[in-house]
Amino acid sequence: MSFETLDFLLERSQSGKTMVLAVAAPHGEDILGAVAEAEERGVISPILYGDRGKVEKIASELSIDVSSFKMVEEPDEGRAAELAVKAVSSGEADLLMKGNVKTATLLKAVLNKEWGLRSGSLLSHVFLFQIPKVGKVFCMTDG
C-alpha cells in the first residue's frame with residue numbers, strides 16, 4: 788500500500804486522543820511550522836523546551852500563534868533535551884520530537900540510565916517525509 792500525502796496518513800491516524808508532544812529546542816521554521824500545523828489539526832498538544840525569545844521570533848516571522856503552546860524556558864540545548872526526555876519518561880508527554888538540537892545531545896538524554904527512555908535493548912526511530920514532485924510518502928527508519 789502506498790500513501791500519496793502525509794495528509795492522508797494524518798486523517799487515518801486520528802484516534803480522537805490528542806497526544807502531548809515534547810519538543811527539544813524548537814528553534815527552526817520547519818520545526819515550529821510542523822508543530823503548529825499538528826496542533827491546529829488537533830493531533831498534538833505541544834510542550835516546547837527552549838529559548839522563548841527564539842520561538843516567539845520565528846513564530847512572528849511565520850505568523851504562527853503560539854500563545855496556547857506550553858513553553859518551558861531553557862536556552863541551553865542540552866538541558867532542553869533533558870527536560871523534554873524527562874517529560875516523556877515521567878508520562879507528562881506522550882511523544883518526543885527532536886528540534887534544533889544535535890543528535891548526540893538528544894541521544895545522551897534519551898539513553899540516560901536514571902531518567903532516560905531505555906526500556907530494553909532496542910532503540911529505533913521513524914522519519915516520514917513527502918516529496919510532492921514524486922507524489923509519495925517515504926519512510927526511513929534507523930537512518
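If you read the sequence shown in this note's numbering, its first letter stands for residue 788, the second for the next number, and so on.
Backbone N, C-alpha and C define an ideal beta-carbon position, used for all residues, glycine too.
Within 10 angstroms of its Cβ, does residue i collect 16 or more other Cβ (buried), or is it exposed?
i, result
"S876", "buried"
"G922", "exposed"
"V913", "exposed"
"D794", "exposed"
"E860", "exposed"
"F925", "exposed"
State yes or no: is the C-beta of residue i within less than 7 Å of the C-beta of residue j?
i, j, result
"L893", "A868", "yes"
"I834", "A880", "yes"
"L904", "A809", "no"
"A811", "G886", "yes"
Name the two residues that bound the continuous alpha helix (DSSP H) containing residue i.
i, result
"V822", "E816 to E827"
From what residue to what residue does the beta strand (DSSP E) around residue i run?
i, result
"T928", "K923 to T928"
Quick one: measure Cβ to Cβ for residue i and residue j, integer angstroms, because I've assumed they're closer than 8 Å.
i, j, result
"P813", "V842", "6 Å"
Legend entry - Completely contained beta strand (DSSP E) runs for the segment 831-909, where each covers 3 or more residues: 831-837, 857-860 and 882-885
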